[in-house]
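Per this note's numbering: the sequence shown ends with 566, consecutive numbering throughout. Glycine included, C-beta positions come from ideal geometry on N, C-alpha and C. Notes follow the structure.
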Amino acid sequence: MNHYDDFFKEQYDRIQRKLDKIAGDFIYSRQLPEDMFIDNPKFMELMGISQKTAQTWRDTGVVSFSQIGNKIYYRISDIQQLLNDNYIKARRELK
């Protein structure tokens with residue numbers, strides 16, 4: 472793996488760990504974690520993006536969301552799908 476592959480894998484793993492933590496926060500919920508929603512500030516923290524980037528992603532259809540009044544919510548399963556859709560597999564495997 473080169474430096475960029477390592478960087479993107481680390482970022483992907485970091486986001487996945489945060490998603491796992493969020494899912495763990497809902498362990499006592501009756502809903503499945505992937506059907507749970509997080510609000511915009513939590514989404515921005517999770518993805519490591521600015522408010523402007525989150526707005527751009529919503530405006531351009533990069534990520535699905537729900538809006539109630541001025542509050543924005545994202546389904547955890549949609550965030551996971553976004554990551555999976557943009558996942559780039561390493562070109563070679565380590566031996």
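- Scanning its chain for C-beta atoms nearer than 6 Å, with the 5 sequence neighbours on each side dropped, one finds around Ser537 the residues Tyr544, in chain order.
- With 16 or more other Cβ atoms inside 10 Å of its own Cβ, Ala525 counts as buried.
- Scanning its chain for C-beta atoms nearer than 6 Å, with the 5 sequence neighbours on each side dropped, one finds no residue around Arg562.
- In this structure, DSSP gives Phe508 an extended state, which the three-state scheme calls strand.
- Ile520 carries a coil assignment under DSSP once its states are collapsed to helix, strand and coil.
- When Gly519, Asp506, Ile550, Glu516 are compared, the shortest CA-CA separation from Gly532 is found for Ile550.
- For Ser537, the uninterrupted beta strand (DSSP E) run begins and ends at 537–539, by DSSP.
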